[in-house]
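The structure appears below as structure tokens.
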Amino acid sequence: MNTPFKKIAVVGAGAVGSFYGAMLARAGHSVTLIGRQAHMQAIAQNGLQLDLANSSSIESVPLQTSTEVSAVRDADLVLFCVKSTDSETVAQDIASHLSAHSVVISLQNGVENSLLISRHVQNAVIPAVVYVASEITAPGCVKHHGRGDLVIGTMSPP
489 MNTPFKKIAV
499 VGAGAVGSFY
509 GAMLARAGHS
519 VTLIGRQAHM
529 QAIAQNGLQL
539 DLANSSSIES
549 VPLQTSTEVS
559 AVRDADLVLF
569 CVKSTDSETV
579 AQDIASHLSA
589 HSVVISLQNG
599 VENSLLISRH
609 VQNAVIPAVV
619 YVASEITAPG
629 CVKHHGRGDL
639 VIGTMSPP
């Protein structure tokens, strides 16, 4: 894989984070999902069970998992996918674990989240707009209902 992002971490591996993490893993990237215990444990044991909208079968996608934000420490790219109400707390929590070269992309509802994250991390933070319909149907299982588009903003220096 010819990319500057060798290792990717997804902070807030709910429906959106798990979906994009799985899609990146399917494309050959090394991805670590960081999320809640039950979901991470199920994925660690069985892979992420991904039910894509245009597929007649469920695919098992192997992913690394963690429940600790410190798992971002080796990531070149961090997808920040937590609920907007948790942005400030999680940004503070990951700040000391990010590598100097890590890039953070905010995949969240709300246009101000990347600015809020930037107040707490010294790394480049890129805003993005997410167009995907997905849900966690059970721990370790994501149902994709449609789309999956991303509009990623420009990277400004940290």
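If you read the sequence shown in the working numbering, its first letter stands for residue 489, the second for the next number, and so on.
We put the beta carbon where it would ideally sit given N, CA and C, even for glycine.
- In this structure, S506 sits near I624, with a CB-CB distance shorter than 8 Å.
- Remark: C-beta atoms of G500 and V570 approach each other more closely than 8 Å.
- In terms of Cα proximity to L638, the closest of A626, R607, G628 and Y619 is Y619.
- Collapsing the DSSP output to three states places H527 in a helix.
- Residue nearest to H608 within the set C629, D574, Q537 and A513 is D574 (criterion: CA-CA distance).
- Judged by their CB atoms, V591 and F568 are not nearer to each other than the 8 Å cut-off.
- Separation of the CB atoms of M643 and I605 is rounded to 13 Å, and the pair is thereby denied contact status at 8 Å.
- DSSP lists L538 as the bridge partner or partners of E547.
- For the 8 Å CB-CB criterion, T555 and A532 do not form a contact.
- Here S572 is exposed, its C-beta having fewer than 16 other C-beta atoms within 10 Å.
- Linking G634 to G535 through their CA atoms gives a straight-line distance of about 21 Å.
- DSSP, reduced to helix, strand and coil, places Q610 outside both helices and strands of the structure shown, so it counts as coil.
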